[in-house]
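Using the numbering used here, read the sequence shown as starting at 177 and increasing by one per residue.
From the three backbone atoms N, C-alpha and C, an ideal C-beta is built for every residue, glycine too.
Reading through the structure tokens given below for one structure.
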Amino acid sequence: MNAAAVTKRQQTLQRKLLAWYDRNGRDLPWRRSKDPYAVWLSEIMLQQTQVATVMPYYERFVRRFPTVHVLAAARIDAVLKLWAGLGYYSRARNLHKAAAEIVREHDGRFPDSVEALRTLPGIGRYTAAAIASICFGRRAAVVDGNVIRVLTRLFNISDDVRKPATVNRLWGIADSHAPARRCGDYNQAIMELGATVCTPGATARCDICPLQAQCAARKAQTVAELPRKSAKAVVRHETHIVAAICADDRWLIRRRPSDGLWGGLWELPSAQVSGAATVEAVRRLARSLGVPRCTVSTQPFCVSNHQLSHRLIRFTGYRCSLQGTEAADSMNADLRWVTLAQFSKLGISQAMRRIAEALGAGESNDRGTRSISRRQSRHGKPVRSAGTPRAASRRIA
């Protein structure tokens with residue numbers, strides 16, 4: 177195909193895609209303006225996350241942090257609290273760092289070039305191109321999961337899209353098709369097409385696709401097979417213990433290290449163990465926190481499975497009790513004694529929220545049992561002895 181034919185094909189694709197988007201683009205809150213703060217926030221949230229999941233988080237976030245200045249001035253705990261449940265928490269930490277840098281280094285104004293945007297924490301090639309094209313009219317192509325699906329089908333590319341060489345090839349195709357005018361709309365159009373029409377596998381709605389006449393995979397009947405991906409990494413199984421250490425109706429919590437899984441979030445202290453969860457492992461964890469003497473329940477209060485992208489974690493939680501807050505002398509900024517109500521208001525992972533709810537349910541049941549026992553004692557009815565075992569631990573599906 178000669179250069180003139182290539183150019184004509186590109187122009188046809190651009191024209192059809194933009195016309196389709198003008199008629200069918202979804203009304204999403206971050207599309208209602210060219211505000212780079214709104215677009216940046218939405219693009220970060222949408223990484224590895226579907227639009228339906230992001231919508232309520234986005235709306236709460238912009239209400240609490242309506243501008244980059246407000247976000248930069250916020251405490252990281254407040255940011256993580258609003259992010260809790262959205263996952264991939266490094267995104268929230270980088271969002272906060274980037275906001276501070278935009279305010280400090282750029283007087284609160286977003287850089288308007290791909291190169292300058294990529295210097296900000298958490299902004300890579302795709303996000304920088306999205307912001308630059310949508311907000312500042314720059315000609316910059318984007319490649320995400322939706323775009324990969326559209327391009328591999330449009331050009332019937334059967335190479336493994338998890339290989340860097342294939343990804344680089346797709347970036348080249350995307351760049352060659354990005355128009356000089358309305359590039360931001362074009363980028364949103366091709367992503368929208370992948371999200372709503374050119375969907376995975378046999379769910380693709382080829383009959384309503386504006387590019388069906390140009391689609392090589394449709395002609396070859398390979399739409400459902402593309403894009404081709406090598407096998408994912410094997411899911412790793414892990415066992416974690418949770419020490420619910422209580423003194424005077426307050427619970428010891430700690431902040432997780434800023435890097436790694438659930439970085440910067442608060443938790444009831446937990447640790448990965450080899451083999452089965454044991455009471456002795458919980459005692460060792462308690463000692464590492466400056467709690468040398470505590471009584472560990474022999475029965476867990478919950479067993480909870482939590483699925484992540486490449487690992488399945490089984491949490492087993494044990495109650496630990498002590499008289500007085502004897503760990504207070506070893507306190508630091510990453511350790512606190514709080515009530516369960518206070519704990520629920522901090523930034524915690526969904527996995528830890530479920531564990532805390534199981535702990536709270538158990539505490540409520542215990543208080544109810546003690547109240548009944550006191551009433552029975554006053555009326556001369558038998559009271560369960562202290563040695564009677566408690567109900568079995570609560571298993572969380």
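Of the listed residues the options, nearest to residue i (C-alpha basis)
| i | options | result |
| --- | --- | --- |
| Ser-485 | Arg-460, Arg-412, Ala-419, Val-418 | Arg-412 |
| Ala-453 | Arg-487, His-416, Gln-186, Ala-195 | His-416 |
| Ala-304 | Val-227, Phe-491, Val-215, Ser-352 | Val-215 |
| Leu-511 | Thr-474, Phe-491, Ile-421 | Ile-421 |
| Tyr-302 | Ala-317, Leu-296, Phe-312 | Ala-317 |
| Asn-200 | Pro-445, Ser-480, Val-373, Lys-408 | Val-373 |
| Gly-440 | Ala-260, Phe-237, Pro-232 | Ala-260 |
| Ser-434 | Tyr-213, Tyr-264, Ala-392 | Tyr-264 |
| Arg-430 | Thr-183, Ala-509, Val-410 | Ala-509 |
| Ala-378 | Arg-325, Arg-285, Ala-447, Asn-270 | Arg-325 |
| Val-479 | Pro-242, Arg-495, Leu-194 | Arg-495 |
| Ser-464 | Asp-198, Pro-445, Arg-329 | Pro-445 |
| Arg-490 | Met-528, Gln-223, Lys-405 | Met-528 |
| Ser-334 | Leu-204, His-272, Ser-406, Ala-371 | Ser-406 |
| Ser-497 | Glu-539, His-282, Asn-363 | Glu-539 |
| Thr-330 | Arg-294, Met-231, Ile-252, Ala-389 | Before going on, a small fix: residue 330 reads as Leu here, not Thr. Selected option, being the one with the closest Cα: Ala-389. |
| Gly-321 | Val-343, Gly-313, Phe-312, Ser-309 | Val-343 |
Residue i (DSSP reduced to helix, strand or coil)
| i | result |
| --- | --- |
| Ile-349 | helix |
| Cys-311 | helix |
| Ala-447 | strand |
| Leu-461 | helix |
| Arg-430 | strand |
| Ile-524 | strand |
| Val-238 | helix |
| Val-514 | strand |
| Val-318 | coil |
| Thr-471 | strand |
| Trp-442 | strand |
| Asp-383 | helix |
| Ala-292 | helix |
| Gln-187 | helix |
| Asn-278 | Sequence inspection shows Ile at residue 278; the Asn mentioned does not correspond to that position. Ile-278: helix per DSSP, three-state reduction. |
Sequence-distant residues of its chain with Cβ nearer than 6 Å to residue i (five each side left out)
| i | result |
| --- | --- |
| Thr-501 | The predicted model places Thr-501 with a pLDDT of 49, which falls under 50 and marks its position as unreliable, so this point remains unresolved. |
| Ala-306 | Glu-219, Val-318 |
| Trp-196 | Pro-386 |
Sequence-distant residues of its chain with Cβ nearer than 7 Å to residue i (five each side left out)
| i | result |
| --- | --- |
| Lys-192 | Pro-386, Leu-387 |
| Tyr-362 | Gln-190, Leu-193, Leu-194, Ala-354, Pro-355 |
Endpoints, beta strand (DSSP E) assigned at residue i
| i | result |
| --- | --- |
| Cys-422 | 412-423 |
| Asn-481 | 478-483 |
| Arg-329 | Where Arg-329 is concerned, there is no enclosing beta strand (DSSP E), although the alpha helix (DSSP H) it sits in stretches over 321-330. |
| Arg-487 | 487-497 |
| Val-467 | Note, Val-467: premise wrong, no beta strand (DSSP E); not H, not E. |
For residue j and residue i, the rounded distance between their alpha carbons
| i | j | result |
| --- | --- | --- |
| Ala-276 | Pro-355 | 33 Å |
| Thr-471 | Ser-266 | 36 Å |
| Gly-523 | Lys-210 | 30 Å |
| Ala-419 | Phe-477 | 10 Å |
| Ala-254 | Arg-240 | 9 Å |
| Ala-576 | Glu-443 | Past the boundaries of the shown model lies residue 576; the chain is included only from 177 to 573, so the question cannot be answered. |
| Ala-581 | Thr-492 | Given that the chain is displayed from residue 177 to residue 573, the structure contains no residue 581 and the question cannot be resolved. |
| Leu-402 | Arg-459 | 52 Å |
Any chain C beta carbon closer than 8 Å to residue i
| i | result |
| --- | --- |
| Arg-208 | Among the chains in the structure shown there is no chain C, since it carries only a single protein chain. |
Bounding residues of the alpha helix (DSSP H) (the contiguous stretch that carries residue i)
| i | result |
| --- | --- |
| Glu-368 | 359-372 |
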